[in-house]
Amino acid sequence: MPPTGSLIPADAPFSAEQEAWLAGFIAGVAAAGRREGAAADAPSVTIDVLFGTQTGNSEFVAGELVAGARARGLGGRATALDDITPEQLAAMSHVLVVTSTYGEGELPDNAGLFWEALQAETAPRLEGLRYAVLGLGDRGYDDFCQAAKLIDTRLEQLGAGRLHERVDCDVDFEDPAAEWTTAVLERLVAETGATGGTGAAPSRAPRSPWNKRTPYRSRLAVNRLLSSPRSAKEIRHYEFDLGDSGITYEAGDALAVVPLNEDGLVGALLEHLGASGDEEAAALLRAEREIRTPSKELIAELVERAPSSELAAVVAHGDRSDLDSWLWGRDVLDLLRDAGPAAAPTLPELLPLLRPLQARQYSISSSPLAHPDRIHLTVASVRYGSGKRAYEGVASTYLADRVGEDAAVGVFVQPNASFGVPVDDDAPMVMIGPGTGVAPFRGFLHERAARGATGRNWLFFGDRHRESDFVYEDELTRLRKDGVLTELDLAFSRDQAEKVYVQTRMRERSRELYGWLEEGAHVYVCGDASRMAKDVEAALLGVIAEQRGRGDDDAAEYLADLRRAKRYVRDVY
């Protein structure tokens with residue numbers, strides 16, 4: 092209440108006590124007005140966008156969804172699936188799920204724990220939830236968008252109401268994802284009574300203009316053989332000049348390379364189709380069609396056209412592993428020859444059955460702090476075959492053989508926000524990357540050296556033979572000598588009678604490795620997903636179980652806690 096006393100004439104000066112009261116009164120009215128205005132402008136519904144991602148695409152789409160929701164007067168927040176429990180999910184009203192699929196129809200690394208909890212018998216009912224699911228995948232795989240399909244079905248089983256039909260996007264996901272986003276957000280506006288456009292979109296860093304549709308033409312400045320000529324492998328070091336592109340990157344990101352098919356294969360394919368000399372078709376096959384890996388559509392067409400072919404016989408068995416084994420290493424030309432000349436499609440019939448030629452992604456092996464004007468890659472050239480036919484990887488041999496000195500290559504950065512050096516420069520770091528899996532860890536070590544980070548660093552690296560396959564030996568030795576690389580454990584599998592792998596070295600140093608985990612170490616794995624990554628995870632679980640002495644279930648929960656804390660992350664392929 093105001094100070095007591097007689098009425099004050101309008102022109103009379105205020106006392107200090109009266110001025111203080113009036114100032115407080117005016118501030119209170121203003122604050123109330125701000126609260127009332129905020130309440131009026133605040134969104135009545137918050138949209139939870141949950142993402143599962145392996146390479147960052149789903150996280151990007153999730154960010155676009157949040158921006159779109161806020162621009163339409165809705166609340167929006169994006170969260171990784173593993174950061175949400177089923178109980179938290181049950182408390183949400185509107186959920187949009189965006190997820191890729193990893194491996195053989197599995198959930199991405201940052202969504203596996205969520206899926207385990209969601210499919211448990213103890214998962215809560217979700218009758219109060221409205222949801223929609225968007226899948227990102229590759230139609231070339233049998234388990235196309237399987238992760239999205241699993242989550243969509245399970246949410247429905249738990250009683251949630253489908254807000255919009257699921258859409259499964261192929262590798263060129265941008266347009267269908269944008270259409271789905273617009274449709275879902277407009278449905279939300281109509282359903283929730285949102286203002287439909289008075290909200291402000293969150294400020295976001297501008298996206299690079301360089302992408303798979305408009306790649307940057309980067310000068311290939313360095314092409315250097317890393318492995319010995321005596322090695323069974325051919326591993327090369329590349330450096331791409333960023334010029335005036337404005338491209339920025341982080342250690343742990345990937346660089347996508349836009350390749351061209353090899354002229355010899357293009358010519359052989361055209362000759363088989365009776366279209367030699369067709370320059371327009373040659374240009375199309377060279378730059379726009381996948382002719383190394385046959386599509387599912389082509390396989391189905393050839394089985395129908397040539398039911399007596401070897402391919403048709405394998406497909407008739409109905410065993411997926413047998414088909415995968417038969418297809419391994421074979422390309423489009425092989426399948427056409429197997430079908431026979433009478434069943435082979437013409438060029439116009441073949442073109443719609445070929446998938447678009449995709450960019451190939453490689454883990455960046457440099458740090459922007461150490462090399463701000465260049466991006467480094469560490470790539471194994473894929474070459475195989477018998478005397479009858481020689482085969483080459485599309486992008487790896489494009490870089491190795493077909494890009495001339497200082498010639499330009501189409502590239503763009505693929506950010507990977509979940510795979511990077513710890514923010515805490517004091518945190519220990521364990522890196523497990525045999526073969527070319529060492530690539531991002533070279534960048535990590537350069538990053539930590541440039542930052543003057545004090546955290547200890549431990550690398551497990553291996554390959555076949557030390558004498559011929561120890562890539563970056565001089566660099567790693569120097570980093571070890573300089574104290575940047577605290578521990579270096581090497582596993583060269585063929586240098587002794589009994590094969591030794593990185594997981595062998597992990598088990599040998601079980602006590603020390605667990606000690607690092609207890610001290611807050613971040614663990615990173617990079618490389619082959621089909622075997623190495625699984626074997627490394629099994630070894631890590633074994634180390635934890637042995638050192639804690641509480642059984643396998645306890646070890647699994649310990650590792651799950653590391654995942655939740657973003658202290659166990661993988662970049663596997």
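Using the numbering used here, the letters of the sequence shown correspond one by one to residues 92 to 664. Ideal placement from N, C-alpha and C gives every residue a C-beta, glycine not left out.
- The beta-bridge partner set that DSSP reports for F552 consists of L581.
- Residue state for T384 is assigned as coil, using DSSP reduced to three classes.
- When secondary structure is reduced to three states using DSSP, M520 falls in the strand class.
- Inside the segment 584 to 608, DSSP marks no whole beta strand (DSSP E) run of 3 or more residues.
- Looking at the DSSP output, C236 bridges to nothing.
- Contact between M597 and A630 holds, with the beta-carbon distance rounding to 5 Å and staying under 8 Å.
- In the DSSP annotation of this structure, the continuous segment of the beta strand (DSSP E) that includes T137 starts and ends at 137 to 143.
- Taking R380 as the centre and dropping the five residues before and after it, the same chain places the C-beta of N352, L442, L445, R446, P447, L448 closer than 8 Å to its C-beta, in chain order.
- The C-alpha of D234 is placed about 14 Å away from the C-alpha of V262.
- C-alpha of A169 to C-alpha of R539: approximately 29 Å in a straight line.
- S458 and E341 have their alpha carbons spaced roughly 7 Å apart.
- A check of alpha carbon separations from Y222 across S386, W206, E256 identifies E256 as the nearest.
- Following the DSSP letters along the chain, one finds Q638 inside the alpha helix (DSSP H) bounded by residues 623 to 639.
- Inclusion of L579 and R571 in the CB contact set at 7 Å is warranted, their separation being smaller than that value.
- Between the beta-carbon of R310 and that of A499 there is about 6 Å, and that keeps the pair under the 8 Å contact cut.
- Taken through DSSP and simplified to helix, strand or coil, T305 comes out as coil.
- Straight across, the Cα-Cα distance linking A491 with S319 is about 15 Å.
- At a Cβ-Cβ threshold of 7 Å, D429 and E401 count as neighbours.
- The alpha-carbon separation between G334 and V591 amounts to approximately 43 Å.
- In the DSSP assignment, H467 is bridged to E330.
- Three or more Cβ pairs closer than 8 Å define a contact, and the segment 537 to 552 falls short of that threshold against the segment 472 to 491.
- With contact defined as three or more Cβ pairs closer than 8 Å, the segment 174 to 181 and the segment 205 to 224 are in contact.
- Between I635 and V504 the beta-carbon gap is near 35 Å, outside 8 Å, which marks them as no contact.
- Relative to S509, the option among V189, L165, D200 whose CA is nearest is D200.
- With respect to the C-alpha of A544, the residue from G526, N302, D573 having the closest C-alpha is D573.
- Note that the segment 185 to 194 touches the segment 143 to 151; at least 3 beta-carbon pairs, one per stretch, sit closer than 8 Å.
- In the displayed model, D515 falls within coil according to three-state DSSP, outside both helix and strand.
- Beta-bridge partners assigned by DSSP to N507: none are found.
- Burial of Q237 is indicated by the presence of at least 16 other C-beta atoms within 10 angstroms of its C-beta.
- Beta-bridge partners of R451 (DSSP): V348.
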